[in-house]
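K.L.:
Numbering (our numbering), first residue to last: 34 to 68.
This is the structure I want to talk about, given as structure tokens.
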């Protein structure tokens, strides 16, 4: 199980979670790579 960042609140969220448990934003399984 990987953790991804919520784009709304910035918290780490399980990649298996659909909404962020903190803010409720929809979380996708995609990862954004910032170079």
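Quick reminder that beta carbons are idealized off the backbone N, C-alpha and C, glycines included.
None of the values given here were measured: they were computed from a predicted structure.
Alpha carbon to alpha carbon, what distance is there between residue 41 and residue 56?
P.N.:
7 Å
K.L.:
Using the DSSP secondary-structure output, state which residues sit across from residue 48 in a beta bridge.
P.N.:
Bridge partners of residue 48: none, in fact.
K.L.:
Tell me which residue opens and which closes the beta strand (DSSP E) that residue 36 is part of.
P.N.:
36-38
K.L.:
Residue 44 to residue 38, Cα distance in whole Å?
P.N.:
6 Å
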